[in-house]
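Q:
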Amino acid sequence: MNRTIESIEQSNNRKIEQLKNRLWRQILANFLSLGLLKATDAVVLILLIPYIVGKVGIVNYGMLAFVTVFLNAGKTLVDYGFQISGVRLVALARERSGQLSALFWNILYARLALCLAFTLAVGIAVQFIPYLKAREWVFYPGFLLPLGHVLFADWFFIAVQKARVIAWANLGVKVLYGLLVLAVIRKPEDFILIPALQGLAGLAAGVWIVFAAARQYELTWTPPDSRRILGFIRSDFRLFLSNLSVEFNTSYSILMLNLLTTDSLTGYFQVMNKLAQPLRFLLVIFSQAIFPVVCRKAAEGWSAAVHFLKRAYLFFCGPALGAILLTVIFAQPLLSVFAGRSDAFLVDNFRLYLIVPVLVLLNVPATQLLLAYERKTAYTAVFLSAMAVKILSDYLMIRYWGLRGLVLSCLMVEAWTLLGLWLASILGNNRMAKSGQALKV
C-alpha cells in the first residue's frame, strides 16, 4: 500500500516537473521569438539610419523626426490598451473559440475606429496650424503608418504564446521596408515618403497576420458589436493614458527640442534615441513574454505570481545590463557611424541618456504586478504624474541647457516613474495582505 502511494506521489511529482519545464520552454520560445521581432526592428531601422541621413541630410531627418512624433501618437492610439488588456483577455479565453473570435474581431474594429478618428483629427489640425501646414506633404503620406498598424495583431499571438508568427511576419515587413527605402529614397526631397513606405510594409504584414490568426485558431468572422467596442474603449481608457504618457516622454522631448532649438539638433537626438531603442526593445520583449504567465500565476495567488516573477527577473537582469554596458563603451564609434558626428558633447550626452533603460529595467517587476492585478488606477496615476513633470521639466531645461537639459529631464522623469510604480505596488500588496488576499514573500 505504501509503495503504491509512493509510486503515485512520484508520478505526480514528475508531472509537475514536466509542466514546469514546459512552462519555462514556452516562455523561452516566446522570448526568443519576440526577441527576433524586436531585433529585426532594431537592426533594420538602425542600419538604414546612415543611408537615410546621407541621402536626405540631418536637417530633413530632424524634420521627419518631428512629424513622426504625431504618427507614432497615432500608433499609440491604435494600440490603446489592447497590448495589455487584449493579451490578458485572450490568454484567459484561449480555449473558447467562439469567445476568442468575438474578442479578436471586435478589438480589430476598435483599432480601426481609433485610427480613423486620429486621421481626421490630425488632418484638421494640419490645415489650421501654420507650423504643421508647412509640413503637410510629410503628414499625408504618413497616415499609412498608423493604418498599417491596425491589422498588426501582435497582442493576439503574444497571448497564445505563439510569438514566432509575428516574429517572421515582422522580419518580412522590415526587409520589405528596407528594400523600398533603398529603391525609392534617392534625393533630399524623398524624405517625405519614408513614413508611407513603412506604413505600406506594415499593412502587408498586418493582412498576413489576420489571415494566419483566423486560419490557425479557426476564428469565424464576427460583425461589429458597437456596445462591446465602446466597452473596450471605456474600460481601457486609463491604460491608453498610461501608454500615451510613455510615448509622450519621447515625443514631447522631440517636439520641444525642435521648437526651441534646431532641426539638426533634433536629428542628432533622434539618432541617439534610435541607438538606445534596442535596449528598450529588450525590456519590452521580456515583459511581453512573461506577462501571460504572470496573469495566470496571479489567478493562483499573490505569492505564486511574485515567486515566478523573481526567478524570471533575476535570470534576465544580467544580459540586459550587459547590453547597456556595451552600448556605453562603444558610444563614440556608434555616433560616428550613424550620426556622422562623435564629438565629446554628443558622446557624453548619449552615455548619460543610457541610464534611462537602467531605470526602466528596475520598474519591470512593479509594472507586471500592477497590470496582472488590474490596478489600472494606480498605474495610470503614476504615468500621468510623470507626464506632468515631463511637460514642465523638458520645457525649462531645454530652454536653458539645450540637449544636455533634455537628457537630464529624461532621467528625472524616469526616476519619478520608478519610485511611483514601486510605491503603488508596495501599497497595493499591503492592502491585499491586510485583507488576507496576499502573502508576504
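The sequence shown lines up with residues -6 to 434 when you count with the numbering used here.
Quick reminder that beta carbons are idealized off the backbone N, C-alpha and C, glycines included.
Look up lysine 180 in the DSSP assignment and say whether it is helix, strand or coil.
A: Here residue 180 is taken as the residue at index 187 of the sequence shown, counted from 1. Look at lysine 180 here: in three-state DSSP terms it is coil, with no helix or strand label.
Q: Taking Cβ to Cβ, would you say alanine 282 is nearer than 7 Å to lysine 290?
A: Against the sequence shown, residue 282 aligns to sequence position 289. Against the sequence shown, residue 290 aligns to sequence position 297. Contact: no.
Q: Measure the alpha-carbon distance for isoleucine 247 versus glycine 294 and round it to whole angstroms.
A: Taking the first residue of the sequence shown as position 1, residue 247 is located at position 254. Taking the first residue of the sequence shown as position 1, residue 294 is located at position 301. Approximately 42 Å, taken between the alpha carbons.
Q: At what residues does the alpha helix (DSSP H) containing isoleucine 185 begin and finish?
A: Here residue 185 is taken as the residue at index 192 of the sequence shown, counted from 1. No alpha helix (DSSP H) holds isoleucine 185; DSSP gives it neither H nor E.
Q: Taking the CB atoms as reference points, tell me whether serine 238 and methionine 405 lie closer together than 7 Å.
A: By 1-based counting over the sequence shown, the position of residue 238 is 245. By 1-based counting over the sequence shown, the position of residue 405 is 412. Not in contact: serine 238 and methionine 405 (Cβ atoms no closer than 7 Å).
Q: Counting Cβ pairs, one atom from each stretch, are 3 or more of them under 8 Å apart for the segment 209 to 220 and the segment 159 to 170?
A: no
Q: Along the chain, where does the alpha helix (DSSP H) containing leucine 302 start, and where does it finish?
A: For the purposes of this step, residue 302 is taken as the residue at position 309 of the sequence shown. It spans 295 to 322 - the alpha helix (DSSP H) in which leucine 302 sits, taken as one unbroken run.
Q: Would you tell me roughly how many angstroms separate the C-alpha atoms of arginine 273 and leucine 355, rounded to the nearest one?
A: Taking the first residue of the sequence shown as 1, we reach residue 273 at position 280. Taking the first residue of the sequence shown as 1, we reach residue 355 at position 362. When rounded, the distance between both Cα atoms is 12 Å.
Q: Does asparagine 436 come out as helix, strand or coil in the three-state DSSP assignment?
A: Nothing can be reported for residue 436: it is not among the residues displayed for the chain, which extend from -6 to 434.
Q: Using the Cα positions of valine 264 and leucine 352, report the straight-line distance between them to the nearest angstrom.
A: Looking up residue 264 in the sequence shown gives position 271. Looking up residue 352 in the sequence shown gives position 359. Approximately 21 Å between the Cα atoms of the pair.
Q: So glutamine 76 is in the alpha helix (DSSP H); what residue range does that whole segment cover?
A: Position 83 of the sequence shown, counted from the start, is the residue given in the question as residue 76. Membership of glutamine 76 in the alpha helix (DSSP H) is indicated by the continuous run 75 to 86.
Q: Enumerated in chain order, which unbroken segments of the beta strand (DSSP E) with a length of 3 residues or greater are wholly contained in the segment 364 to 414?
A: none
Q: What would DSSP say about glutamate 240, mapped onto helix, strand or coil?
A: By 1-based counting over the sequence shown, the position of residue 240 is 247. Three-state DSSP puts glutamate 240 in a helix.
Q: Determine the burial state of alanine 160: buried for a count of at least 16 other Cβ atoms within 10 Å of its Cβ, exposed for fewer.
A: For the purposes of this step, residue 160 is taken as the residue at position 167 of the sequence shown. Counting Cβ neighbours within 10 Å, alanine 160 comes out buried, since at least 16 surround it.
Q: Taking leucine 190 as the reference, which of Ala305, Ile45 and Thr254 has the closest Cα?
A: For the purposes of this step, residue 190 is taken as residue 197 along the sequence shown, with counting starting at 1. In this structure, Ile45 is the residue among Ala305, Ile45 and Thr254 with its C-alpha nearest to the C-alpha of leucine 190.
Q: Are the CB atoms of alanine 152 and valine 62 within a distance shorter than 7 Å?
A: As a first step, residue 62 must be located in the sequence shown, where it is residue number 69. As a first step, residue 152 must be located in the sequence shown, where it is residue number 159. Taking 7 Å as the Cβ cut-off, valine 62 and alanine 152 do not qualify as a contacting pair.
Q: Can you tell which of Leu232, Asn251, Trp394 and Pro216 has its C-alpha closest to the C-alpha of aspartate 72?
A: Walking along the sequence shown from the start, residue 72 turns up at place 79. Nearest C-alpha to aspartate 72: Leu232.
Q: Tell me whether the segment 342 to 349 and the segment 368 to 377 touch, counting them as touching only if at least three CB pairs, one residue from each stretch, are closer than 8 Å.
A: The segment 342 to 349 is not in contact with the segment 368 to 377.
Q: Between the beta-carbon of serine 418 and the beta-carbon of leucine 362, is there less than 7 Å?
A: In the sequence shown, the residue the question calls residue 418 occupies position 425. In the sequence shown, the residue the question calls residue 362 occupies position 369. Closer than 7 Å, so yes.
Q: Is glycine 141 closer than 7 Å to glycine 192 when the C-beta atoms are compared?
A: Against the sequence shown, residue 192 aligns to sequence position 199. Against the sequence shown, residue 141 aligns to sequence position 148. A contact, by the Cβ cut-off of 7 Å.
Q: Which residues in the same chain as serine 280 place their Cβ atom closer than 8 Å to its Cβ, once the five residues preceding and following it in sequence are excluded?
A: On the sequence shown, position 287 is the one that residue 280 refers to. Cβ within range, chain order: Val357, Thr360 and Gln361.
Q: Looking at tryptophan 130: is its Cβ nearer than 7 Å to the Cβ of isoleucine 42?
A: Taking the sequence shown and counting its residues from 1, the one referred to as residue 130 is at position 137. Taking the sequence shown and counting its residues from 1, the one referred to as residue 42 is at position 49. For tryptophan 130 and isoleucine 42, no; Cβs fall outside 7 Å.
Q: Measuring alpha carbon to alpha carbon, tell me which of Trp201, Gly47 and Phe241 ends up nearest glutamate 182.
A: Indexing the sequence shown from 1 puts residue 182 at position 189. Taking only the C-alpha atoms, the option nearest glutamate 182 is Gly47.
Q: Would you mind giving the Cβ-Cβ distance between asparagine 99 and phenylalanine 225, rounded to the nearest angstrom? I have them listed as a contact below 8 Å.
A: In the sequence shown, residue 99 corresponds to position 106, counting from 1. In the sequence shown, residue 225 corresponds to position 232, counting from 1. About 7 Å; that satisfies the 8 Å criterion.
Q: Using a Cβ distance threshold of 8 Å, determine whether the segment 99 to 111 contacts the segment 143 to 151, with at least three qualifying pairs required.
A: A contact between stretches requires three or more CB pairs, one per stretch, nearer than 8 Å, and the segment 99 to 111 meets this requirement with the segment 143 to 151.
Q: Taking the straight line between their C-alpha atoms, what separation do you get for leucine 196 and phenylalanine 323?
A: For the purposes of this step, residue 196 is taken as the residue at position 203 of the sequence shown. For the purposes of this step, residue 323 is taken as the residue at position 330 of the sequence shown. Their Cα atoms are separated by approximately 35 Å.
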